[in-house]
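>
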Amino acid sequence: MKKSFTSTTRFRLAKSSFFFYLVCGFSLVTLIPLFLILWELIRKGYAQFNPSLFTEVAPTSMEAMLAHISGAPIPGGILNGITGTILILSLAILFAIPLGITTGVYLAEKQDKPVARLVRSLSDLLQGIPSIVIGVIVYIWVVKPMSSYSALAGSVALAIMMLPMVIRSTEESLKMLPTSLKEAGLALGGSYATVVLRILLPSAFSGLFTGSLLAISRVMGETAPLLVTVLGATTVNWDITRPVSAASLLIWEFYNDPNLAGLIWSTSLLLLLIILGINLCAKSIAKRWKIQ
Amino acid sequence: MKDKIFRASLFVAACLIIILTASIVYGLVSQSLDAFSNFGFGFITSSEWDSRNDVYSALPFIMGTLLTSVLALLFCIPFSLSVSLFNGEYFRGHRASTILSSVVDLLAGVPSIVFGLWGFYTLRPLMVEMGVNEQGFGVLLSSIVLAIMIIPYASSLSAEFLAMVPNDLKEGAYSLGATRLEVIQRVSLPAAGSGIFAAYVLAFGRALGETMAVTMLIGNTNNIPHGLGDTGNTMASIIANQFGEAGGLKLSSLMAIGLLLFLITASINFIAKYIMKMVRQ
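Quick mapping for you: the protein sequence lines, in order, are chains Z and X. For any residue, its number in the numbering used here is found by taking its place in the first sequence, counting from 1, and adding 568. For any residue, its number in the numbering used here is found by taking its place in the second sequence, counting from 1, and adding 10.
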């Protein structure tokens with residue numbers, strides 16, 4: 569067969585398969601950065617990955633320098649960052665998820681009403697706002713009136729970033745449910761509220777859960793908005809009206825202080841592993857849900 | 011009764027979103043009035059940033075933002091286009107495509123600050139070796155890292171649009187004797203073209219607002235960058251850098267830069283969403 573091709577055809581086929589290998593090559597190259605980043609973090613961070621990372625607060629620059637001079641590993645851990653991240657994130661979840669789900673239900677129910685259309689476009693708009701701009705706005709709203717940086721301010725900023733994702737995923741997963749489900753509920757005499765709360769939301773639960781997980785993982789590593797809202801702290805602090813630290817903020821501090829540079833890698837590794845873990849978890853839930 | 015309360019609370023939640031967005035815009039505008047009334051239109055056209063004399067302007071940072079983002083977009087095109095062809099055309103529904111797309115999606119999950127660290131410790135020495143400049147910081151370094159960061163956004167949406175091209179069209183071309191490349195060139199890419207364009211516009215919007223990685227890599231000098239090796243600052247990075255110590259007119263100027271950044275990203279996103287809406291209809 570092949571011999572009967574004219575030379576132009578052979579050239580066209582060769583060009584086509586050359587392009588195919590080019591596409592495969594470039595696609596494979598795209599995989600490299602993620603593994604390079606992971607490799608770098610693991611290679612430099614595993615040594616500091618010990619229990620004290622989770623049980624002690626970040627060392628001062630002085631302590632780290634003394635340890636560095638005597639050749640010992642840098643003492644201390646990132647307990648203040650871990651607790652800070654937990655505090656800020658849980659507050660943000662508390663703000664964003666109920667409001668986001670309620671708005672998502674509204675959008676799914678009132679698909680083409682003018683208000684729903686407006687809210688849908690505004691939520692797209694919110695999604696596109698750069699995180700640092702949200703940070704400075706929250707600074708004006710919360711930090712200035714309270715005249716102190718606080719965990720509360722940070723969680724408001726993160727909540728605003730989470731909202732559009734929660735709204736979108738709630739709306740999408742509710743829209744995927746068959747209309748007959750709602751009709752059956754109403755036909756059985758259920759009130760509107762009962763049908764939404766007891767039938768629609770539970771049926772769409774995995775979609776909501778996945779969306780919320782992805783939203784959480786997206787804001788978990790955010791640094792810029794926290795930089796201008798929570799500032800950072802050297803001790804463990806559970807008071808939401810006072811400055812706290814966060815894992816991502818600690819990375820920024822370590823980066824700016826050469827004495828503490830040794831702690832960057834274990835902190836980043838921990839943060840990245842948690843985020844990628846949440847991502848993978850959310851994806852696998854989404855996959856299982858789609859098959860059903 | 012219960013129903014009424016329930017319906018009302020749904021409506022209130024939706025209204026809260028409207029109020030939230032309105033007050034974000036109001037906050038940005040009201041805080042930046044000071045800067046605009048002081049410097050007038052010159053705030054956007056002059057290039058002076060001097061804390062001692064309290065003279066501020068946005069042009070160097072607008073230029074820095076546009077330059078790094080455009081370069082990032084250019085750098086990312088060969089890779090993201092390949093990934094989207096791999097996932098949406100060559101290996102659609104194949105296992106290889108599932109693996110590639112999930113790894114690329116994970117790349118989107120890596121925090122900005124980790125990209126910054128990687129750029130600083132791994133790519134910067136390479137820049138120095140290549141002789142870009144002495145320190146390695148600058149436009150080139152930040153746009154390479156930005157390009158890697160936006161690949162997932164550009165490629166996953168484009169792949170979706172490529173996969174939406176009707177099979178009949180492609181089969182028609184194959185039956186006329188077109189090779190795979192010719193089908194991609196003459197059928198798939200033109201058919202999915204506007205959707206792919208919208209995907210890149212969205213990715214560009216992402217690049218405009220990236221903060222931490224750029225702040226760590228661009229060198230943080232307040233001048234208009236003139237070349238690849240030049241250092242500079244973007245709108246996002248100047249805010250992140252100088253916000254902590256700012257007050258008075260400087261704070262207002264930073265807010266004004268925030269407002270400009272908001273306006274630019276909002277219009278870019280609006281354009282992308284509009285094109286996508288047209289495509290889907």
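Using N, Cα and C, we set each Cβ at its ideal position, and we do this for glycine too. What you are looking at is a predicted structure, and each value in this text was computed from that prediction instead of being measured.
(1) Following the continuous alpha helix (DSSP H) through Val787 (chain Z), name the residue where it begins and the one where it ends.
(2) Output yes if chain X places a C-beta closer than 7 Å to the C-beta of Met569 (chain Z); else output no.
(3) If the cut-off is 8 Å on Cβ atoms, which residues from the region 591-610 of chain Z count as contacting chain X, listed in chain order?
(4) With a threshold of 8 Å, are at least 3 pairs of Cβ atoms found where one atom belongs to the region 236-246 of chain X and the other to the region 147-163 of chain X?
(5) Is it buried or exposed, Phe579 (chain Z), if we count other Cβ atoms within 10 angstroms and call 16 or more buried?
(6) Which residues of chain Z have a Cβ atom closer than 8 Å to the Cβ of Val289 (chain X), listed in chain order?
(7) Contact defined as beta carbons within less than 8 Å: I believe Ile158 (chain X) pairs with Pro601 (chain Z). What is the distance between those atoms, to the nearest angstrom?
(8) Give the residues of chain X in contact with Thr653 (chain Z), contact being defined as C-beta atoms less than 8 Å apart.
(9) Measuring only the C-alpha atoms, how far is Asp178 (chain X) from Val193 (chain X)?
(10) Answer with buried or exposed for Gln616 (chain Z), where buried requires no fewer than 16 other C-beta atoms within 10 angstroms of its C-beta.
(11) Of all the residues that make up the region 56-70 of chain X, which are near chain Z by a beta-carbon distance shorter than 8 Å?
(12) Return helix, strand or coil for Leu745 (chain Z), following the three-state DSSP convention.
(13) According to DSSP, simplified to helix, strand and coil, what is Val812 (chain Z)?
(14) Provide the residue(s) that pair with Gly242 (chain X) in DSSP beta bridges, ordered along the chain.
(15) So, does the CB of Leu95 (chain X) fall closer than 7 Å to a CB anywhere in chain Z?
(16) State yes or no: is the beta carbon of Phe53 (chain X) nearer than 7 Å to at least one beta carbon in chain Z?
(17) When the Cα atoms are used, what is the spatial distance from His236 (chain X) to Phe622 (chain Z)?
(18) Nearest-angstrom Cα distance between Val597 (chain Z) and Leu127 (chain X)?
(19) How about Asn232 (chain X): is its C-beta nearer than 7 Å to some C-beta of chain Z?
(20) Using only the alpha-carbon positions, how far apart do Ile109 (chain X) and Phe51 (chain X) sit?
(21) Quick check on Leu690 (chain Z) - is its C-beta less than 7 Å from some C-beta in chain X?
(22) Between X:Val124, X:Leu81, X:Thr55 and X:Asn63, which has its C-alpha nearest Leu609 (chain Z)'s C-alpha?
(23) Have a look at Leu175 (chain X) and Ala202 (chain X) and give me their C-alpha separation to the nearest angstrom.
(24) Roughly how many angstroms lie between the CA atoms of Asn618 (chain Z) and Ile642 (chain Z), to the nearest whole one?
(25) What are the boundary residues of the alpha helix (DSSP H) that His104 (chain X) is part of?
(26) Closer than 7 Å between beta carbons: that is the criterion. Which residues of the region 78-107 of chain X meet it against chain C?
(27) Leaving out the 5 sequence neighbours to the left and right, which residues in its chain are closer than 8 Å to Ala801 (chain Z) when beta-carbon positions are compared?
(28) Starting from Arg290 (chain X) and walking both ways along the alpha helix (DSSP H), at which residues does that stretch end?
(29) Taking 8 Å as the limit between beta carbons, can you name the residues of its chain near Gln860 (chain Z), skipping five residues before and five after?
(30) In chain X, what lies closer than 8 Å to Lys583 (chain Z) by C-beta?
(31) Tell whether a beta-carbon distance below 7 Å holds between Pro793 (chain Z) and Ile705 (chain Z).
(32) Going by beta carbon distance, what residues of the same chain come within less than 8 Å of Met569 (chain Z), once the five residues before and after it are set aside?
(33) Compute the Euclidean distance between the alpha carbons of Lys12 (chain X) and Ala755 (chain Z), then round it to the nearest angstrom.
(34) Check the DSSP bridge columns for Val65 (chain X) and list the partner residues they point to.
(35) Using the beta-carbon count (16 or more within 10 Å), is Ser277 (chain X) buried or exposed?
(36) Strictly under 7 Å for the Cβ-Cβ distance: is Thr835 (chain Z) near chain X by that measure?
According to the data block:
(1) Note, Val787 (chain Z): alpha helix (DSSP H), Phe773 to Met788.
(2) Residue confidence is low: Met569 (chain Z) scores 49 on pLDDT, short of 50, so the model does not pin down where it sits. Its coordinate-derived value is still stated next. Not an interface residue.
(3) Listed by position, the residues of the region 591-610 of chain Z near chain X (Cβ gap below 8 Å) are Val591, Cys592, Gly593, Phe594, Ser595, Val597, Thr598, Leu599, Pro601, Leu602, Leu604, Ile605, Glu608 and Leu609.
(4) Proximity of the region 236-246 of chain X to the region 147-163 of chain X meets the contact definition, three or more beta-carbon pairs being nearer than 8 Å.
(5) Exposed, since its Cβ has fewer than 16 Cβ neighbours within 10 Å.
(6) One finds nothing in chain Z with a Cβ atom closer than 8 Å to the Cβ of Val289 (chain X); even the nearest lies about 16 Å away.
(7) That pair is a contact at about 5 Å.
(8) What Thr653 (chain Z) touches in chain X: nothing, since even the nearest Cβ is about 12 Å away.
(9) Straight-line spacing of the CA atoms in Asp178 (chain X) and Val193 (chain X) works out to 12 Å.
(10) Answer is buried; the Cβ neighbour count reaches 16.
(11) Identification of residues in the region 56-70 of chain X having a C-beta nearer than 8 Å to some C-beta of chain Z yields an empty set.
(12) Here DSSP, grouped into helix, strand and coil, assigns Leu745 (chain Z) to coil.
(13) Residue state, collapsed to three classes: strand.
(14) Secondary-structure assignment with DSSP links Gly242 (chain X) through a beta bridge to X:Gly229.
(15) It does; some Cβ of chain Z falls within 7 Å.
(16) So no, Phe53 (chain X) is outside the interface.
(17) Answer to the nearest angstrom: the Cα atoms are 46 Å apart.
(18) Counting only the Cα atoms, Leu127 (chain X) lies some 20 Å from Val597 (chain Z).
(19) It does not; no Cβ of chain Z falls within 7 Å.
(20) Cα-Cα distance, rounded: 51 Å.
(21) For Leu690 (chain Z), the answer is yes, since a Cβ of chain X falls inside 7 Å of its Cβ.
(22) The shortest Cα separation from Leu609 (chain Z) among X:Val124, X:Leu81, X:Thr55 and X:Asn63 belongs to X:Val124.
(23) A small correction: the amino acid at residue 175 (chain X) is Val; Leu does not occupy that position in the sequence shown. The alpha-carbon atoms of Val175 (chain X) and Ala202 (chain X) are separated by roughly 6 Å.
(24) Between Asn618 (chain Z) and Ile642 (chain Z), the alpha-carbon positions lie close to 12 Å from each other.
(25) Neither: His104 (chain X) is in no alpha helix (DSSP H) and is coded neither H nor E.
(26) The structure shown contains no chain C; its protein chains are Z and X.
(27) If the five residues before and after Ala801 (chain Z) are omitted, its C-beta is found closer than 8 Å to the C-beta atoms of Asn648, Gly652, Arg810, Pro811, Val812 and Ser813, all from its own chain and listed in chain order.
(28) Where Arg290 (chain X) is concerned, the enclosing alpha helix (DSSP H) stretches over Gly258 to Arg290.
(29) Its pLDDT being 39, under 50, Gln860 (chain Z) is placed unreliably by the model, and the measurement read from it follows with that caveat. Nothing meets the Cβ criterion.
(30) Per Cβ cutoff of 8 Å: Thr189 and Leu191.
(31) The criterion of a C-beta distance shorter than 7 Å is not satisfied by Pro793 (chain Z) and Ile705 (chain Z).
(32) Note on Met569 (chain Z): pLDDT 49, under 50, position unreliable in the model; the coordinate value appears next. Listed in chain order, the non-local C-beta contacts of Met569 (chain Z) below 8 Å within the same chain number zero, local neighbours out to five positions each way being set aside.
(33) The straight-line gap from Cα to Cα measures roughly 18 Å.
(34) Looking at the DSSP assignment, Val65 (chain X) forms a beta bridge with X:Asp60.
(35) So Ser277 (chain X) counts as exposed.
(36) No - not a single Cβ of chain X is within 7 Å of the one on Thr835 (chain Z).
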